[in-house]
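As they're listed, the protein sequences go chains A, B, C and D.
Start counting the first sequence at 50; every next residue gets the next number (the working numbering).
Start counting the second sequence at 50; every next residue gets the next number (the working numbering).
Start counting the third sequence at 112; every next residue gets the next number (the working numbering).
Start counting the fourth sequence at 102; every next residue gets the next number (the working numbering).
Read through the structure below, which is laid out as C-alpha cells, and then see the notes.
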Amino acid sequence: MPRVVVDVVLKPEISDPQGQAVLGALGRLGHPGVTSVRQGKHFVLEVEGTPDAAELRQIAETLLANPVIEDVELHLPSD
Amino acid sequence: MPRVVVDVVLKPEISDPQGQAVLGALGRLGHPGVTSVRQGKHFVLEVEGTPDAAELRQIAETLLANPVIEDVELHLPSD
Amino acid sequence: MTAHPTSPGTSQVGGVPQLDTVELAATTADTEQPYAELGLRPEEYQEIREILGRRPTTAELAMYSVMWSEHCSYKSSRVHFRHFADLPASDALLVGIGENAGVVDVGDGYAVTFKVESHNHPSYVEPYQGAATGVGGIVRDILTMGARPVAVMDSLRFGAADAPDTARVLPGIVAGVGGYGNCLGLPNIGGELLFDDCYLGNPLVNALCVGVMRHGDIRLAKAEGLGNKVVLFGARTGGDGIGGVSVLASETFDAEGPAKRPAVQVGDPFTEKLLIEACLEIFAADLVTGIQDLGGAGLSCATSELASAGTGGMHVDLDTVPLRDSTLTAAEILMSESQERMCAIVEPAKVEEFLAVCRKWDVLATVIGEVTDGDRLTIDWHGERIVDVPPRTVAHGGPLYHRPMTRPADLDGLQADAPPSSSADLRADWLAVVSSPDGADKSWVTEQYDRYVRGNTVLAQPEDAGVLRIDEQTHRGIALSLDGNGRFARLDPYTGAQLNLAEAYRNVAVSGARPLAVTNCMNFGSPENPEVMWQFAEAVRGLADGCRALGLPVTGGNVSLYNQTGDTAINPTPVIGVLGVLDDVRRRVPTGWRADGETVLLLGE
Amino acid sequence: MRIGVITFPGSLDDVDAARAVRLAGGEAVALWHADDDLSGVDAVVLPGGFSYGDYLRAGAIAARAPLMRSVVDRAHAGLPVLGICNGFQVLCEAGLLPGALTRNGHLHFRNRDQALLVERADTAWTSAYTTGQRIVVPVKNGEGRYVAAPAELDRLEGEGRVVVRYADGNPNGSSRDIAGVTSADGRVVGLMPHPEHAVEDLTGPSVDGLGFFTSVLSSVVTA
Ligand SMILES: Nc1ncnc2c1ncn2[C@@H]1O[C@H](COP(=O)(O)OP(=O)(O)O)[C@@H](O)[C@H]1O
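Given below as C-alpha cells:
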C-alpha cells in the first residue's frame, strides 16, 4: 500500500521551546557540535489506490499542520 | 551548515492514539482513501563541521527516541 | 541581480540605505511616515512631532504608535475610570489601580495581588497558543508585583455549543489554558464556561491569576538610582506579535524581503516556570530596585514605563538584546511581543549576584542599559541614536478620547420583552433554560486543569468559589470568584454589572470568606460605536456604584474593546472577580447538602 | 529519617512531596538536580511536575541530570526511590523501571480523584497498606498511559511487579490498568497517581496517600 510521509515543521520565525530544550540537553550531555534543533511532527499515511496529490496536499496543509504557525513537507511515494 | 534529520516513530506494536485521532478526522472529513495514520516526531539538527555519524546515531537512539517504544530513522546530509 | 532588501527603519539617501537616526530625523522634516497605517490619527502624529520638536524616527514612531494604541493606552476607556478612583479609600488596599496589579492586605502580614486580563483576539486566531499566552501574561503581571503566583482561574465564552467554529476554538482554548497553567504548577480553582451566538466570531478568554507575598515584598515598576543597570531576562526576542508594525516592513521591503512577521506568539510555560523561580529568589535576596514584565508592546512598554515611573532617565543599547532572529530591525525589536521576558533595574554591585541566580535557573539575562540622569529615554542601535524621547510622553502621554455615547435604540424593545403568555410558552422557556449548555456539567473542561498542585487548594470546581490556604500554621485562607453575565448587561449594563458583582460577592461570602476587593475585565465591542460606548460607561458606573455600596475597592482590571464580528458587537460582558479572606480556612463552607436530616433555610427576599 | 525530594527545572509537586514526608513524620531534604551527591539521605522521592516542560518526552531530559547517576547507582544498592507522575516517567527513562509512559489515549490532560487497588503491600513504599486495599488519590497527567510490549507486560505481571492498578475506570488508557510498578527488589516504585495530594483532609479527597510516606519510614528502619 502506498505510503505518504508528511513532515510538519514550525515556521522559521516561530519560537520552538521543545527544540530549545533538546539543544540545551545536548550541550549538557557533551554534544556541543549540534548548534540548532527544531522539533516537528512526522506523519506516515497509508493510502488506498493511487494517492491523489492535490487531496493529500490539502490534508497536509489544513489538517495535519496549523498553517498559522507551521509549514508542511509532503513526500509522495514517487518522490 | 550541515543539516541532519531524525525521524522518530512509534514501534508498530505500540498503539498511537494521536494517529488514530487523525485517521478518524480524515474519515469524517471525507477522505476514506487514507487507511492508516501514524504520528511521530521530526527533528532537524544543524551541526558544526562534519557530522560524526556514530555520535549522531547515539544522540538519535538514546536521547531523541526512547528505545522501549520508538524506532529511529537518521538522515545524514550525504543520504 | 537580487537587490538586498532594505531594512525597515532605514531610508534611501542617494541609493545608500541609511539608518533613520535622531540626527537624520532632525534634518528631514518632510519625510513621509506611515502613521495612519500604524493606527495613529493625523492629530496624534502632529502631537508626537510637537513633543519631539521634529519628526519621530522610525523606531520612535513605532514606539509611540503601539503605546498610544487602544490596547496599551486605554484612550477610549480611561476617562470613565474616575468612577473607580472616586471610591472611598479602603484600609485593605496596599497598592491600587495603576500598577501591574492591585495589592490587598489579608492580615497576618500577608498581601495578596490578583488581576484578570483578556486574550480574546489571539485566542480566536490560534486557540491553543492564544489562550496559553493569555495565562502566561497575567501570571507575569502578578509575579512582577513581588508575589508568588498561587492559582489561576479562567472565564470563557463561546458561540453556540454545537456551532462548527466552537468545535474549532473551544478544545484548543481549554487545552491552552490547561497546558500553560498545569505546566507552571498553578492550580486552576474556578472559572466560567458560557455559550451565546454573539461570541461565535469572537470568543472571550479572560484569565485571572492570584499571588501571595509578605507586605514588605511588594515591588514596583520604576527605574531609580543613577547608574543602576537595566537587565533583560527570560526568553530571547523574536519576531512575535509585531503584526501591527509590519507595515513599517512592507513599506521598505521589496517582494523578496522577509515574509510578514507572524502575529501569533507561542508560549513556553517551562521558561516561565524558571522565570518565576528565578524572580522569587532574586526578590528574596533583595537584588532589584524595580521590575516590569514584558507584555503587549514589549520593550517599548517596559523601558518607557520603568523610566517614566522613576526619577531619572534611561539609556538602552539595543544591540545587546539577545535575539532569536538576527534579521530583526530596531523597530521590530522594540515592538516584539515575545513571551516570557522581564526587565529589572539592578544596582551595579548586585548585578553579578543577579546573573548568578539566573544562571542557576538556566534563565538568559543580559544588561541592556542603565538609569541616567536627566529625563530622556535614549536608545542606540549600531552605534547611532535612534530614540530620544521623554518617556512619560510614550507611556502616559497618549491621547484621551471622550467618545460620543448613545443609549442603544433597541433597548426599550429588549427591556419590554413580555413574560410568557401561555403555559406552552412557559414550558418552552423552561425547557430552553434547563437544557442550556450553560448549565451543563463542566467537568470535561475542569478535568483538564490541575486543581491539586501546591497542595493548598481547599475548594475548587464545582464549588461556587475557589478557596486556597495561604499559611499552613495560621490556617489563613483566601477565596475568589469570577463571574459575568453578558445577557443581563445587554439588557441593562448598569444593573447587569452590579448583578455580576453581587454574584461574585455572594459566591465568596457563602464560602465563609469576608469579601475584600474587586478586579474586572470589561469585554465590549467597538468604542467607535456610540451605543457600545454607552454600554461601557454604564457598566463602569454600575460597577463603581455597586462597589461603593458594598464598601469594596476596585484594585485593577483590563479593558478589551473591538470584540465584534463585522459590525455586530458581542453582548457587553463585564467579568468581575471578587477576593475574600478567611481567618481560618478550616471553617470554609462547601456547596451542597452534606448529610441527611440537615435543616434547609432560605435567606433573603 | 531523612527523605530527599529532588527538584528538577520544572518540578512542581516538590513542595507537596516534602509536606507529605513531614506529615508522615520524616525529615524532608531538598535535593537539586545539578548536584552530584544525595547528601546522605535514607530514601529519595522524584516528584511530579513538568521537568524541562515535558518537552521531547516526559521525563526524558531530567533522567539525564547529574544527580540521576547517583540515584541510579544507589537504587541498585537498595536505596528506596519513589517516582510520582513525572518522577515515574523519569525513572522509566532512566531505566530503573520497565516500560514507558505515553500520551493519554483520549489525548487530554485529566485530573480526577481515582480509585486504586494496592496489589503489592510489601514494597518499601507500600507496607502500610494491605494487599487488595482500595484507596482514592488524585490522578493528573497528560502522558500517563503506561505501555510496554505485551511479552514484557506478561513478564511483569508474572513477577508480581504491578504495585497499584486503576479501579473503577482507567483514566488514561494504561495497558492492563497499570497505575504503578516496582523494581524486582521492591525498593524502587513508580506510579502516575499522586499520593502526596491525599495527605490532609482539608486539601485532599482522602488521606489515603500518606501510607506511601509512612511505609518508607518503617522500611528504612528495618532495612
Ligand atoms: N472555564 C472554567 N475554568 C475553570 N473552572 C470552571 C470553568 N467553567 C466552569 N468552571 C467551574 O465549574 C463549576 C461549575 O460551573 P458552573 O456550572 O458555571 O457553576 P454555577 O452554575 O454554579 O456558577 C464551578 O466551580 C466553576 O468555577
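Ideal Cβ placement from N, Cα and C applies to all residues, glycine included.
Mind checking whether residue i and residue j have CB atoms under 8 Å apart?
i, j, result
"A600 of chain C", "P548 of chain C", "no"
"D114 of chain D", "I185 of chain D", "yes"
"G74 of chain C", "M453 of chain C", "Only positions 112 to 716 of chain C appear in the structure, and residue 74 of chain C is not among them; the question remains open."
"S276 of chain D", "A252 of chain D", "no"
"L27 of chain A", "L112 of chain B", "Residue 27 of chain A is absent from the model: chain A starts at 50 and stops at 128."
"I589 of chain C", "N631 of chain C", "no"
"L168 of chain D", "I107 of chain D", "yes"
"D486 of chain C", "L337 of chain C", "no"
"A170 of chain C", "I479 of chain C", "no"
"V482 of chain C", "G421 of chain C", "yes"
"L125 of chain B", "V83 of chain A", "no"
"Q572 of chain C", "V285 of chain C", "no"
Output, in chain order, the set of chain B residues within a Cβ distance shorter than 9 Å of residue i.
i, result
"G233 of chain D", "None at all; the shortest Cβ gap to chain B is about 29 Å."
Take residue i as the anchor and find which of the options has the nearest alpha-carbon.
i, options, result
"T557 of chain C", "C:A334, C:R166, C:P282 and C:V223", "C:P282"
"H326 of chain C", "C:G352, C:V223 and C:P314", "C:V223"
"L303 of chain D", "C:E649, C:P641, C:T568 and C:I681", "C:T568"
"G89 of chain B", "B:R52, B:L105, B:V57 and B:P126", "B:V57"
"L311 of chain D", "D:A131, D:V300, D:S319 and D:L318", "D:V300"
"D219 of chain C", "C:T585, C:V711, C:D252 and C:T438", "C:T585"
"E297 of chain D", "D:L192, D:G188 and D:V282", "D:G188"
"L59 of chain A", "A:Q69, A:P51 and A:M50", "A:Q69"
"S671 of chain C", "C:L198, C:E155, C:A147 and C:H232", "C:H232"
"L157 of chain D", "A:I63, A:Q67 and A:D120", "A:Q67"
"E639 of chain C", "C:L713, C:H513 and C:Y175", "C:H513"
"E148 of chain C", "C:G207, C:L130 and C:A173", "C:A173"
"N634 of chain C", "C:Q559, C:R617, C:G653 and C:A680", "C:A680"
"L75 of chain B", "A:E62, A:E122, A:E110 and A:V117", "A:E110"
"Q190 of chain D", "D:A222, D:E220, D:T224 and D:V146", "D:V146"
So, for residue i: in the same chain, excluding its five sequence neighbours on each side, which residues have a beta-carbon less than 8 Å away from its beta-carbon?
i, result
"F306 of chain C", "R268, F269, G270, A271, A272, T277, S547, P548 and D549"
"M112 of chain C", "The predicted model places M112 of chain C with a pLDDT of 32, which falls under 50 and marks its position as unreliable; any figure quoted below should be read in that light. Correct list: empty, nothing qualifies."
"R699 of chain C", "V569, L570, V578, G588, A590, S622, G623, A624 and L693"
"R52 of chain B", "V93, L94, E95, V96 and P126"
Sorted by chain position, which residues of the same chain lie with C-beta nearer than 7 Å to residue i's C-beta, five sequence neighbours on each side aside?
i, result
"V215 of chain C", "A203, L204, L205, A222, V223, L627, A628, T666 and L690"
"E458 of chain C", "G336, N339 and T400"
"V427 of chain C", "V341, T414, I479, G480 and I490"
"L135 of chain C", "Q129"
"M264 of chain C", "N299, I300, G301, G302, L319, G577, L591 and L593"
Near residue i, what residues of its chain come up, given a Cβ to Cβ distance below 6 Å and the 5 sequence neighbours on each side ignored?
i, result
"V468 of chain C", "A389, E392 and I393"
"E97 of chain A", "none"
"D136 of chain D", "L168"
"R518 of chain C", "W645"
"P510 of chain C", "E155 and K186"
"G126 of chain C", "Caution is warranted here: a pLDDT of 44 is assigned to G126 of chain C, below 50, making its placement in the model unreliable, and no coordinate value can be reported."
"A455 of chain C", "V342, V399 and I402"
"E194 of chain D", "G160, A161 and A164"
"A366 of chain C", "Unreliable placement is indicated for A366 of chain C, whose pLDDT of 37 sits below 50; no coordinate value is reported for it."
For a contact defined as C-beta to C-beta under 8 Å, what are the partners of residue i on chain D?
i, result
"W472 of chain C", "P110"
"G691 of chain C", "Neighbours of G691 of chain C on chain D: none; closest Cβ ~18 Å, over 8 Å."
At a CB-CB cut-off below 8 Å, which residues of chain B make contact with residue i?
i, result
"E194 of chain D", "N115"
"L96 of chain A", "Strictly speaking, residue 96 of chain A in this sequence is Val, with Leu absent from that position. Per Cβ cutoff of 8 Å: G82, V83 and T84."
"H91 of chain A", "D56, V57, V58, Q88, G89, K90 and H91"
"R204 of chain D", "P66 and Q67"
"V248 of chain D", "I63, S64 and I118"
Residues of chain D with a CB under 9 Å from the CB of residue i: which are they?
i, result
"L78 of chain A", "R165"
So residue i contacts chain C; which residues on that side make the cut at Cβ distance below 8 Å?
i, result
"I118 of chain A", "E237, Q240, P373, V375 and V377"
At a CB-CB cut-off below 8 Å, which residues of chain A make contact with residue i?
i, result
"L112 of chain B", "V71, A74, L75 and L78"
Review point. Listed in chain order, which residues of the segment 52-75 of chain B have Cβ atoms closer than 7 Å to some Cβ of chain D?
Key: For the segment 52-75 of chain B, which is checked against every Cβ of chain D, the residues closer than 7 Å are E62, I63, P66, Q67 and A70.
Review point. If you measure beta-carbon to beta-carbon, which residues of the segment 206-237 of chain C are closer than 8 Å to chain A?
Key: Going along the segment 206-237 of chain C in chain order, one finds V236 and E237 with a Cβ nearer than 8 Å to chain A.
Point to revise | Positions along the segment 149-164 of chain D whose CB lies within less than 7 Å of some CB in chain A | key: Residues of the segment 149-164 of chain D whose Cβ lies closer than 7 Å to any Cβ of chain A, in chain order: Y153, G154, Y156, L157 and I162.
Practice item. Select from the segment 560-571 of chain C all residues with a C-beta closer than 7 Å to any C-beta belonging to chain D, and list them in chain order. Key: Within the segment 560-571 of chain C, the residues whose Cβ lies closer than 7 Å to some Cβ of chain D are Y560, D561, R562, Y563, V564, R565, G566, N567, T568 and V569, listed in chain order.
Exercise for review: Quick one: which residues of the segment 206-218 of chain D get their C-beta closer than 7 Å to a C-beta of chain C? List them in chain order.
Suggested key: Sequence-ordered contacts of the segment 206-218 of chain D with chain C read H209, F210, R211, N212 and R213 [C-beta pairs closer than 7 Å].
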